[in-house]
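In the numbering used here, the protein residues as written are 32 to 156.
And the structure:
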């Protein structure tokens with residue numbers, strides 16, 4: 032719980048696990064890059080490759096998302112999600128992050144989704 036912002040949860044993304052083994056030793060502390068993902072029929076991104084820039088993303092089913100490595104930790108748009116007090120049980124069901132991706136690869140976390148891709152912010156307990 033954050034005194035000024037309310038309840039929150041720390042986030043981990045599967046893509047972090049996909050990226051880590053791909054990093055070269057010189058990029059394990061501080062680096063920026065793009066992870067290319069295939070977006071499947073359900074809208075879920077699946078790891079394809081890492082690259083240093085936005086070039087070479089020509090497949091319409093692929094998007095490039097910016098990531099950063101700081102002090103050995105991979106970071107996307109955020110590593111925390113803030114929510115209304117008393118909704119921790121609801122958000123504990125989160126399995127997916129819903130992102131808006133800008134043309135430059137920057138990410139904005141819009142919402143969290145449950146096991147069946149249900150938007151959790153629209154779910155009642």
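C-beta atoms are modelled at their ideal positions from N, C-alpha and C, and glycine is treated no differently.
The structure displayed is predicted, hence computed values, not measured ones.
Counted within 10 angstroms of its Cβ, other Cβ atoms place residue i as buried (16 or more) or exposed
{"i": "residue 40", "result": "exposed"}
{"i": "residue 101", "result": "exposed"}
{"i": "residue 117", "result": "exposed"}
{"i": "residue 113", "result": "exposed"}
{"i": "residue 51", "result": "exposed"}
One or two residues paired with residue i in a DSSP bridge
{"i": "residue 41", "result": "111"}
{"i": "residue 129", "result": "142"}
{"i": "residue 150", "result": "144"}
Pair within 7 angstroms by beta-carbon distance, residue i and residue j
{"i": "residue 63", "j": "residue 99", "result": "yes"}
{"i": "residue 81", "j": "residue 53", "result": "yes"}
{"i": "residue 122", "j": "residue 140", "result": "no"}
{"i": "residue 66", "j": "residue 96", "result": "yes"}
{"i": "residue 42", "j": "residue 135", "result": "no"}
{"i": "residue 142", "j": "residue 129", "result": "yes"}
{"i": "residue 105", "j": "residue 47", "result": "yes"}
Inter-residue Cα distance where the pair is residue i and residue j
{"i": "residue 88", "j": "residue 77", "result": "14 angstroms"}
{"i": "residue 138", "j": "residue 148", "result": "19 angstroms"}
{"i": "residue 38", "j": "residue 61", "result": "29 angstroms"}
{"i": "residue 55", "j": "residue 103", "result": "12 angstroms"}
{"i": "residue 115", "j": "residue 92", "result": "34 angstroms"}
Residue i: CB within 6 angstroms of a non-hydrogen atom of the ligand HEM
{"i": "residue 71", "result": "No copy of the ligand HEM appears in this structure; indeed no ligand is present at all."}
Discussion item. Just to confirm the assignment: which complete beta strand (DSSP E) runs, minimum length 3, are found wholly within the region 53-127?
Written reply: If we require 3 residues or more, the beta strand (DSSP E) runs fully inside the region 53-127 come out as 61-70, 76-82, 93-101, 104-106 and 111-114.
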